[in-house]
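Residue numbers (UniProt numbering): 1 to 177.
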């Protein structure tokens, strides 16, 4: 894995993937992620009845929200040069102070190929080299695939949970670096 020099654009590289800031024209990939989300995901994270967020709204978000350039990086396959989702760190406010949350989401068509695990391992190394000592990740109890990825990359479930009768229980996991 390679990491860009301090102050430069973030670039993480694995054998098959590049993790890098989003480009505005890739908003169509983000929109596809929104359309594929499980119906159990809360409505504010799915396309609403009026079709929001639109591609234009997502383009604006990529252009203006720093999270798409320094936190949730685009996951690009090196061989085909296509963006297949995101992986990175966010300060969700749900973990402990100074301990960001690992987040990832990939298009359904690339599930079960090891990309989420590979991207997550690159982000973990980036976090370690950036001085973080521990990360958090939250996952719905019904999301078996993401729970498997988190276990593969060394996260363990804690006793902390947020129960939601409609959308499922959110499990809190953590990993020391």
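Note that the Cβ used here is the ideal one computed from N, Cα and C, for glycine as well.
### Task
Determine the burial state of residue 146: buried for a count of at least 16 other Cβ atoms within 10 Å of its Cβ, exposed for fewer.
buried
### Task
Put residue 182 into one of helix, strand or coil per three-state DSSP.
With the chain represented from 1 up to 177, any question about residue 182 goes unanswered, as that position is not in the structure.
### Task
Look up residue 49 in the DSSP assignment and give the residues it is bridged to.
DSSP, once it has assigned bridges, lists no residue as partnering residue 49.
### Task
Assign residue 113 to one of two classes, buried (16 or more other C-beta atoms within 10 Å of its C-beta) or exposed (fewer than that).
exposed
### Query
Could you give the C-beta distance for residue 110 and residue 12, rounded to a whole number, given that I count them as a contact under 8 Å?
That pair is no contact at about 17 Å.
### Query
What residue does the alpha helix (DSSP H) around residue 70 start on, and which one ends it?
67-70
### Message
Let's test the definition: count the other Cβ atoms within 10 Å of the Cβ of residue 2 and tell me whether it reaches 16, buried, or not, exposed.
### Response
Its pLDDT being 42, under 50, residue 2 is placed unreliably by the model, and the measurement read from it follows with that caveat. So residue 2 counts as exposed.
### Task
Excluding the 5 residues preceding and the 5 following residue 34 in the sequence, name in chain order all residues of the same chain whose CB lies nearer than 6 Å to its CB.
47
### Query
Per DSSP, residue 115 forms a beta bridge with which residues?
BP columns for residue 115 are empty, so no partner.
### Message
In this structure, how does DSSP classify residue 159 when only helix, strand and coil are distinguished?
### Response
strand
### Query
By how many angstroms is the C-alpha of residue 141 removed from the C-alpha of residue 42?
14 Å
### Message
Rounded to whole angstroms, what is the Cα-Cα separation between residue 10 and residue 174?
### Response
24 Å
### Run of the alpha helix (DSSP H) containing residue 103, from where it starts to where it stops
Where residue 103 is concerned, there is no enclosing alpha helix (DSSP H), although the beta strand (DSSP E) it sits in stretches over 101-106.
### Query
Ends of the beta strand (DSSP E) at residue 90?
83-90
### Task
State the DSSP-derived secondary structure class of residue 9, mapped to helix, strand or coil.
coil
### Message
Between 101, 93, 52, 120, which has its C-alpha nearest residue 85's C-alpha?
### Response
120
### Task
Please name the residue in 143, 22, 91 whose C-alpha comes closest to that of residue 60.
22
### Task
Have a look at residue 40 and residue 77 and give me their C-alpha separation to the nearest angstrom.
29 Å
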